[in-house]
Amino acid sequence: MSGDAGRGRRVALVTGASSGIGRGLALRLAADGWSVALVARRGDLLEEVAHEVRSAGAEALVCVCDIALQDEVVHTVDSVRSTWGPVDLLVANAGVSERTPAHRLDAAQVERIMRVNFLGCVYATEAVLGEMIERRAGHLVAVGSLAGYGGLPSTAAYSASKGALHNFFESLRIDLRGSGVAVTVLTPGYVRTAITGQIAHRRPFLVELDPAVDRMYRAIRDRKPLLTFPRPLSSLAWWAQVFPAGLYDRLVGRVPRTGKEKR
Numbered sequence: 167m168s169g170d171a172g173r174g175r176r177v178a179l180v181t182g183a184s185s186g187i188g189r190g191l192a193l194r195l196a197a198d199g200w201s202v203a204l205v206a207r208r209g210d211l212l213e214e215v216a217h218e219v220r221s222a223g224a225e226a227l228v229c230v231c232d233i234a235l236q237d238e239v240v241h242t243v244d245s246v247r248s249t250w251g252p253v254d255l256l257v258a259n260a261g262v263s264e265r266t267p268a269h270r271l272d273a274a275q276v277e278r279i280m281r282v283n284f285l286g287c288v289y290a291t292e293a294v295l296g297e298m299i300e301r302r303a304g305h306l307v308a309v310g311s312l313a314g315y316g317g318l319p320s321t322a323a324y325s326a327s328k329g330a331l332h333n334f335f336e337s338l339r340i341d342l343r344g345s346g347v348a349v350t351v352l353t354p355g356y357v358r359t360a361i362t363g364q365i366a367h368r369r370p371f372l373v374e375l376d377p378a379v380d381r382m383y384r385a386i387r388d389r390k391p392l393l394t395f396p397r398p399l400s401s402l403a404w405w406a407q408v409f410p411a412g413l414y415d416r417l418v419g420r421v422p423r424t425g426k427e428k429r
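Here you go:
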């Protein structure tokens, strides 16, 4: 995991950096000497993370941005570029989880979730990828979810957004072979964050935040194409894709519903 050695500065841009996984990855990057652009909607929380980054001896840039708005994303990347130079590492982590049960389906809600969880990542990727290809150096990281491997009850929009994210970055990874630009997709199960804290039911194989972030950061550092964990859930997600539809429906009908939170 390297930036432009000739510039002497490695620039990482982390979306959803105000809390949870995004904050944890930003702090790991800071400890490893990266200059970190912190992107989220809550400026007050970003300032707290920026203080932690600077306390670790690294540079931090606070970027208040609604990832669902393409103009704001482009402006943010332009600001980072004018301050530090081109982005070497994009961590597309911003996301929202909301219940979308079939009996009260709301297209506007689905669109909002898709804009944050999927299109926001596309906007950020488009804004940085051209320069990465030109320089033949860079790294795209997408934080997905095991929920993207199949539909789950009351989470039609969330599961769809994470499935779209996974397939989008998998396609980019294939297209970018030999280009010098790496692509990593991280697909965790339940990680203890503000999002999973909203879930009222059982969360099988829940992973604590710090160990989860450590695993993700190692995958980023090693430029792994894909990380899925924990193993029991990732194995079930893989097998579920070949289950008969009736069996799949009975099994996932027992899965806890997600709550409502943004990161």
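Quick note on the numbering used here: the sequence shown kicks off at 167 and runs consecutively.
C-beta atoms are modelled at their ideal positions from N, C-alpha and C, and glycine is treated no differently.
With 16 other Cβ atoms within 10 Å as the buried cut-off, status of residue i
i: Met321; result: A small correction: the amino acid at residue 321 is Thr; Met does not occupy that position in the sequence shown. Counting Cβ neighbours within 10 Å, Thr321 comes out buried, since at least 16 surround it.
i: Ala196; result: buried
i: His367; result: The pLDDT assigned to His367 is 43, lower than 50, so where the model puts this residue is not dependable, and the model offers no usable value.
i: Thr181; result: buried
i: His305; result: buried
i: Ile386; result: buried
i: Asp254; result: buried
i: His332; result: buried
i: Ala234; result: buried
i: Ile340; result: exposed
i: Ser221; result: exposed
i: Ala274; result: exposed
i: Gly188; result: buried
i: Gly411; result: Checking the sequence shown, residue 411 turns out to be Ala, not Gly. Exposed is the call here.
i: Pro391; result: exposed
i: Pro354; result: buried
i: Arg176; result: buried
i: Ser248; result: exposed
i: Pro377; result: exposed
i: Ser337; result: exposed
i: Glu397; result: It should be pointed out that residue 397 corresponds to Arg in this sequence rather than to Glu. By the 10 Å Cβ count, Arg397 comes out exposed.
For residue i, the residue or residues it bridges with in DSSP
i: Cys504; result: The structure shown has nothing for residue 504, since the chain only spans 167 to 429.
i: Phe395; result: Pro354
i: Ala349; result: Checking the sequence, you will find Val at residue 349 rather than Ala. According to DSSP, which records beta bridges pairwise, Val349 is partnered with Leu306.
i: Thr181; result: Val205
i: Val276; result: Val276 is not bridged to any residue.
i: Val379; result: Val379 is not bridged to any residue.
i: Val373; result: Val357
Secondary structure of residue i, DSSP reduced to three states
i: Gly304; result: strand
i: Thr359; result: coil
i: Leu256; result: strand
i: Ser325; result: helix
i: Ala224; result: coil
i: Ser263; result: strand
i: Gly190; result: helix
i: Arg281; result: helix
i: Arg389; result: coil
i: Asp341; result: helix
i: Leu318; result: coil
i: Gly296; result: helix
i: Leu465; result: This structure leaves residue 465 out entirely; the chain is present only between 167 and 429.
i: Leu195; result: helix
i: Leu331; result: helix
Chain D contact for residue i (CB, 8 Å cutoff)
i: Val349; result: The structure shown contains no chain D; it is built from a single protein chain.
Validate contact between the region 344-363 and the region 285-293 using beta carbons, cut 8 Å, 3 pairs: By the Cβ rule, the region 344-363 does not count as touching the region 285-293, because fewer than three pairs are nearer than 8 Å.
Contact the region 248-266 vs the region 301-311: 3+ CB pairs below 8 Å: Enough Cβ pairs lie closer than 8 Å, so yes.
Three or more C-beta pairs below 8 Å linking the region 203-216 and the region 264-273: They do not touch, by the three-pair rule.
Alpha helix (DSSP H) segments (min. 4 residues) lying fully within the region 200-247: Uninterrupted alpha helix (DSSP H) stretches at least 4 residues long and entirely within the region 200-247 occur at 209-221, given in chain order.
Any 3 or more C-beta pairs closer than 8 Å across the region 227-241 and the region 199-209: Output reads yes: the region 199-209 touches the region 227-241.
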